[in-house]
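Input: a single structure, listed below in structure tokens.
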Amino acid sequence: MSFYAEPSFYVLVAIVVAIAAVLGLHERSLQRYGLVVSVIFIFMLFCKTLTQGLMLLVFLGIAIAAERWLLAKPDSNQRYAAALLATIAPLVAYKIGAVWNQSILGFLGISYITFKAAQVVIETHDGLIAKMPLADHLYFLLFFPTFTSGPIDRSRRFLQDAHTVPSRDEYAGMLARGILLLLLGMVYKFVLAGYIHRFLSFGVLTAMTPEAVGKQVLTAWQYALYLFFDFAGYSFMAMGVGYALGIRVPRNFRAPFAAVDIIDFWDRWHITLSHWLRDFVFMRLTGHLIKHRLFKGKDWRLHTAQLGLMCNMLLMGAWHGLTVDYLCYGLFHGVLLALCQRMHMKSKFFKHHKNDLWFRGLSWFVTINLVVLSFALFSGQVSTVLGGLIHG
Amino acid sequence: MAKLTRKSQLEPDGGVSAMTGRTLLRAVLIGLLAALAAFVVMVIWVLPQQGESDDQSRLYDYTYAWGKSQNPDFVVANMSDDGYLTFGSSELYISKDKVKECPQVVFGENVTGVDMTYIGEAYDQSLWQVIAAGAYEGRVENRKIVLFVSPQWFFKGNGAQSKFYSKFNYSLYRDFCQNPSISDDLKDYVRGRVSALGVPASSVAAANQDTPLDAINDQLYSLSDSLTQRYKLINVIKKSPTKSAVRQAGVPTGEPDWAALLMQAEADGQAACTNNDYGIYDSYWTRNSKYDPEFHQNFSQATDEYDDFECFLKLCQEVGYEPLIVILPCHGMWLDRSQVPQEERQSYYEHIRGICDSYNVTYADFSSCEYEKYFLLDTVHPGWKGWVRIEHAFYDWANGRDNPFLGGGAYGTAEGLSAAQAEDGLPEDGAASDQTAGAQEATSETGGGQ
Chain G
-2 MSFYAEPSFY VLVAIVVAIA AVLGLHERSL QRYGLVVSVI FIFMLFCKTL TQGLMLLVFL
58 GIAIAAERWL LAKPDSNQRY AAALLATIAP LVAYKIGAVW NQSILGFLGI SYITFKAAQV
118 VIETHDGLIA KMPLADHLYF LLFFPTFTSG PIDRSRRFLQ DAHTVPSRDE YAGMLARGIL
178 LLLLGMVYKF VLAGYIHRFL SFGVLTAMTP EAVGKQVLTA WQYALYLFFD FAGYSFMAMG
238 VGYALGIRVP RNFRAPFAAV DIIDFWDRWH ITLSHWLRDF VFMRLTGHLI KHRLFKGKDW
298 RLHTAQLGLM CNMLLMGAWH GLTVDYLCYG LFHGVLLALC QRMHMKSKFF KHHKNDLWFR
358 GLSWFVTINL VVLSFALFSG QVSTVLGGLI HG
Chain U
15 MAKLTRKSQL EPDGGVSAMT GRTLLRAVLI GLLAALAAFV VMVIWVLPQQ GESDDQSRLY
75 DYTYAWGKSQ NPDFVVANMS DDGYLTFGSS ELYISKDKVK ECPQVVFGEN VTGVDMTYIG
135 EAYDQSLWQV IAAGAYEGRV ENRKIVLFVS PQWFFKGNGA QSKFYSKFNY SLYRDFCQNP
195 SISDDLKDYV RGRVSALGVP ASSVAAANQD TPLDAINDQL YSLSDSLTQR YKLINVIKKS
255 PTKSAVRQAG VPTGEPDWAA LLMQAEADGQ AACTNNDYGI YDSYWTRNSK YDPEFHQNFS
315 QATDEYDDFE CFLKLCQEVG YEPLIVILPC HGMWLDRSQV PQEERQSYYE HIRGICDSYN
375 VTYADFSSCE YEKYFLLDTV HPGWKGWVRI EHAFYDWANG RDNPFLGGGA YGTAEGLSAA
435 QAEDGLPEDG AASDQTAGAQ EATSETGGGQ
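Protein chains in written order, with our numbering: chain G, -2 to 389; chain U, 15 to 464.
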């Protein structure tokens, strides 16, 4: 069974939500119920691909063992490094194997569960997580509404919700919002994204005529809108089911096409991914760079931030897949963020005009077109067009 | 209640959101119930039913409209008592506004004892026809069916198979899968093919009800598809022509006058084709003559399509259909211009006839009409003379008579155009008959016509 795709999923979700509603409105804890339901759903997810299910069990074994081992001595840098490496190793092996079309240790949802498992390990070393009971750990990692594609929750926030039994009225509000989010997500994914997808067709650039170029631009815009409605729709649905189970799954999109610059964009698009990378890659990398004084001179802060952003986005591209298209997508956004950072920190013109309506309008227009171009890199449209031009 | 609400709004923390939460939930549930009620009203009272149409003043057999063929319940409930299930693709779109000699007029506006009940749309190739024929099987008593085979299906890369994904219909495939008369081997073959052509695994598993979850999916996919199909019926009914007075009266009009129809076809063809020598109607020529999609085409890189076609005949054999395979010709002059050699074309016809012969199936072979002017309407579809010849052969086959174009099965060798023209008793077009003779020679050299 595919989550959020097949009708049987929605039938079963309706049953799950109905039972959760009865429990929640009677002010009963939903944690045990949520865990049992998640395990059943994940069994159904892998019932036709048992090898993948087995790989998930291997992953869980590694992640839980690594966390327990680290919890015994959380200050140890060696244990921390080993635990973190062990947790991300299956994903790295899978991504490298995918370059040669080999699925090594791979299973549906490996990318997202790795983020969650790694966060637990990192925050354990940071001293923010002192204990991680098995049931909590499993529930956080296997929570079925967000299992396959996020949003990427944080364990402390997630478990706080899981351990809290909301009042009847508070739960009623969460349930109502959950149902609305689920319905909104369905409209986004099945009506809007489905409609746009019908007209989406990638093709080579046959001639450098205004019509042919215009068609490519139109395709890029269609794909950008399709990607947004599809992914935001899915994310809303995941939030909705999460809310019904008493978990306030974090928001993943906040009107991304209204962004006025690229830094603003990453605060609106796939928010849980960009914020995860910000907190656990960018902040730590720049902290490391500052500590070791890699950059000197008067612009050392800017250069440090720029290098951090570039690494952050390249990693994001690599996480999508080790292909030229994804790496270029990451690099493109890294460069844009680095330039935007420079503008924010150094440009007097920007500081003088940043609140002017004309400047914000122009900045919005440039941003949205750069974003659409980046999605054309992501979808492979740019490489297809370039390949067509080169090979004739 | 108002007092309570005010009181709750004054409560510190949770008080406001607490009341808001319950109120919001009530509003959401009322909204859901209202939406459900609206849905039920639409399903029961607004959408047309898939069975017999309320409007019996219309003739539905010859309607070519998106969504008709995917509605077997509707097609069968509204088909003529004399109807023969006629599977095909874009040639079925030709209505009387383009060709006055089309079946919609010759059979549909008269009472000749036969009708063609069209099933299929543009780009529906062999595999689609296998699924449709399997889905319709068991609903109609008449075991005789017709299949129009287009040469374009067998062009390089299996014709337009890449479009199969967009032509796939869940309900037809489901009915095919659940037809007990079809063997598991044949179902497995079709399953492999639809999967290879991009139909989602979840749809394939649902139609085959692989697991209990797939069975749930099947119910919901079917419901969703049946609602879509019922919605499309609004347009299907609107596009269906009103029955002619003769048809309404129902008094038999006898066999059509084929000679008169051929003369009319010649005259109509001449009138419609004034700006080219290819016998292609004017506006099509103006629009498309500069394009040449057939340039250097061949018929030797379509293994999958030939296999799918063979699968159609195998299906007929399994379920007891008695098919007539209509072998449409290429446009001889046009394909000469496109440098598709005569031998290549003849080898294609021979291949199709060979497959038919291996299943002892009857065919109406019009390959000898490649050069007959006005046989085709454009570079692909049957036109004025073509339809008359096809209808005549179909009529003879349906009535158990011989016809110069019928071959295979009990009919032996198809004599072809020369014999037909001799029977017509009409003056021959010199240039056309010369080239026809050439084509006939090539046919006999390659062992064609068998």
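The beta carbon of each residue, even a glycine, is placed where N, CA and C say it ideally should be. Remember, it's a predicted structure, so these values are computed and weren't measured experimentally.
Q. Is any beta-carbon of chain G found at less than 8 Å from that of residue 17 (chain U)?
A. Residue confidence for residue 17 (chain U) is low, a pLDDT of 38 falling below 50, so the modelled location carries little weight and cannot support an answer.
Q | contact_flag[the region 116 to 126 of chain U, the region 296 to 309 of chain U] where n(CB pairs < 8 Å) is 3 or more | A | By the C-beta criterion, the region 116 to 126 of chain U is judged not to be in contact with the region 296 to 309 of chain U, since fewer than 3 inter-stretch pairs fall below 8 Å.
Q. Exposed or buried, residue 322 (chain G), counting other C-beta atoms within 10 Å across all chains shown (16 or more means buried)?
A. Counting every other CB atom within 10 Å of its CB across the protein chains shown gives residue 322 (chain G) a total of 16 or more, marking it as buried.
Q) Can you list the alpha helix (DSSP H) stretches of 4 or more residues lying completely in the region 57 to 121 of chain U, in chain order? A) The region 57 to 121 of chain U is shown to contain whole alpha helix (DSSP H) runs of 4 or more residues at 86 to 91 and 117 to 120, in chain order.
Q | Nearest neighbour of residue 387 (chain U), chosen from U:257, U:335 and U:292 [CA to CA] | A | Nearest option by C-alpha distance: U:292.
Q.
By the 8 Å beta-carbon criterion, what residues does the region 204 to 217 of chain U contribute toward chain G?
A. Result list: 216.
(Q) For residue 138 (chain U) and residue 98 (chain U), which I take to be in contact (beta-carbon distance under 8 Å), what is that distance rounded to the nearest angstrom? (A) Contact flag wrong, Cβ pair sits at about 18 Å.
Q) When you compare each of G:334, G:124, G:215 and G:205 to residue 196 (chain G) by their alpha carbons, which one comes out closest? A) If you compare the alpha carbons of G:334, G:124, G:215 and G:205 with that of residue 196 (chain G), the shortest gap goes to G:215.
Q: Please classify residue 127 (chain U): does DSSP put it in a helix, a strand, or coil?
A: Secondary structure of residue 127 (chain U) (DSSP, three-state): coil.
Q. Below 8 Å between beta carbons: does that hold for residue 101 (chain U) and residue 147 (chain U)?
A. For residue 101 (chain U) and residue 147 (chain U), yes; Cβs fall inside 8 Å.
Q. Residues of chain U with CB under 8 Å from residue 8 (chain G), in chain order?
A. Correct list: 230 and 234.
Q. Residues of chain U with CB under 9 Å from residue 305 (chain G), in chain order?
A. Result: empty, since nearest Cβ-Cβ is about 39 Å, beyond 9 Å.
**Q.** Expected contact under 8 Å - CB spacing of residue 336 (chain U) and residue 157 (chain U) to nearest Å
**A.** With 8 Å as the limit, residue 336 (chain U) and residue 157 (chain U) qualify as a contact, their Cβ atoms being about 5 Å apart.
Q: Could you tell me which chain U residues have their CB closer than 8 Å to the CB of residue -1 (chain G), listed as they occur along the chain?
A: 216, listed in chain order.
Q: Indicate whether at least one CB of chain G lies closer than 8 Å to the CB of residue 28 (chain U).
A: The predicted position of residue 28 (chain U) is uncertain, since its pLDDT is 43 and thus under 50; a value taken from the coordinates is nonetheless stated next. So, interface residue.
(Q) Along the region 173 to 187 of chain G, where does the CB come closer than 9 Å to a CB of chain U? Name the residues. (A) Cβ contacts with chain U: 173, 174, 176, 177 and 180.
Q: With hydrogens ignored, establish whether the beta-carbon of residue 313 (chain U) is closer than 7 Å to any heavy atom of the ligand PLP.
A: Among the ligands in the structure shown, none appear at all, so the ligand PLP cannot be discussed.
Q. Does the region 175 to 190 of chain G come close enough to the region 46 to 57 of chain G to have 3 or more Cβ pairs within less than 8 Å?
A. No, because fewer than three Cβ pairs between the region 175 to 190 of chain G and the region 46 to 57 of chain G fall closer than 8 Å, the two stretches do not touch.
**Q.** Alpha-carbon spacing of residue 105 (chain U) relative to residue 374 (chain U), whole angstroms
**A.** Using only the alpha carbons, I get a separation of about 26 Å.
Q. Taking the Cβ atom as the reference point for each residue, do residue 205 (chain U) and residue 222 (chain U) lie within a distance shorter than 8 Å?
A. In contact: residue 205 (chain U) and residue 222 (chain U) (Cβ atoms closer than 8 Å).
Q. Anyone know if the C-beta pair for residue 281 (chain U) and residue 438 (chain U) falls short of 8 Å?
A. In terms of Cβ geometry, residue 281 (chain U) and residue 438 (chain U) do not form a close pair [threshold 8 Å].
Q | Cβ of residue 142 (chain G) within 8 Å of any chain U Cβ | A | Interface flag for residue 142 (chain G) against chain U is unset, since no Cβ pair is found closer than 8 Å.
Q.
So, at 7 Å on beta carbons, what are the nonlocal neighbours of residue 216 (chain U) in its own chain, with the 5 sequence-adjacent residues on each side left out?
A. Around residue 216 (chain U), the same chain offers 231 as residues with beta carbons nearer than 7 Å, after the five sequence neighbours per side are excluded.
(Q) So for residue 214 (chain G), helix, strand or coil by DSSP? (A) Three-state result, residue 214 (chain G): helix.
(Q) Assuming residue 373 (chain G) and residue 217 (chain G) are in contact, meaning their beta carbons sit under 8 Å apart, how far apart are those beta carbons, in whole angstroms? (A) Cβ atoms of residue 373 (chain G) and residue 217 (chain G) come within 8 Å of each other, at about 4 Å.
Q. With distances taken between CB atoms, is the gap from residue 243 (chain U) to residue 81 (chain U) smaller than 8 Å?
A. By the CB criterion at 8 Å, residue 243 (chain U) and residue 81 (chain U) fall inside the cutoff.
Q: Would you mind telling me which residues of chain U sit closer than 9 Å to residue 236 (chain G), beta carbon to beta carbon, in chain order?
A: Here the premise fails: no neighbours, minimum Cβ distance about 15 Å.
Q | Own chain, CB closer than 8 Å to residue 109 (chain G), minus 5 neighbours either side, in chain order | A | Around residue 109 (chain G): 143, 144, 145, 146, 147 and 149.
Q) Closest by CA to residue 85 (chain G), which one among G:111, G:315, G:68 and G:228? A) Comparing Cα-Cα distances from residue 85 (chain G) to each of G:111, G:315, G:68 and G:228, the minimum goes to G:111.
Q | Neighbour list for residue 229 (chain G) in chain U, Cβ cutoff strictly below 9 Å | A | Those do not exist, as residue 229 (chain G) stays about 20 Å from chain U at its closest Cβ, beyond 9 Å.
Q. Can you name, in chain order, every residue of its own chain whose Cβ lies under 8 Å from the Cβ of residue 219 (chain G), other than the five neighbours on each side?
A. Hits under 8 Å: 193, 196 and 197.
Q) Rounded to whole angstroms, how far is the Cβ of residue 237 (chain G) from the Cβ of residue 175 (chain G), which I believe are closer than 8 Å? A) The beta-carbon distance between residue 237 (chain G) and residue 175 (chain G), rounded to whole angstroms, is 5 Å. This is short enough to meet the 8 Å contact definition.
Q: Look at residue 39 (chain U) and residue 17 (chain G) and say whether their C-beta atoms are less than 8 Å apart.
A: Not closer than 8 Å, so no.
Q: Give the interface partners of residue 34 (chain U) over in chain G, defined as CB-CB distance under 7 Å, in chain order.
A: Here the neighbours are 170.
Q: Please confirm if residue 41 (chain G) has its CB atom under 8 Å from at least one CB of chain U.
A: True, the Cβ-Cβ gap to chain U drops below 8 Å.
Q. Mind checking if residue 5 (chain G) is an interface residue toward chain U, Cβ cutoff 8 Å exclusive?
A. Taking 8 Å as the CB threshold, residue 5 (chain G) lines the interface with chain U.
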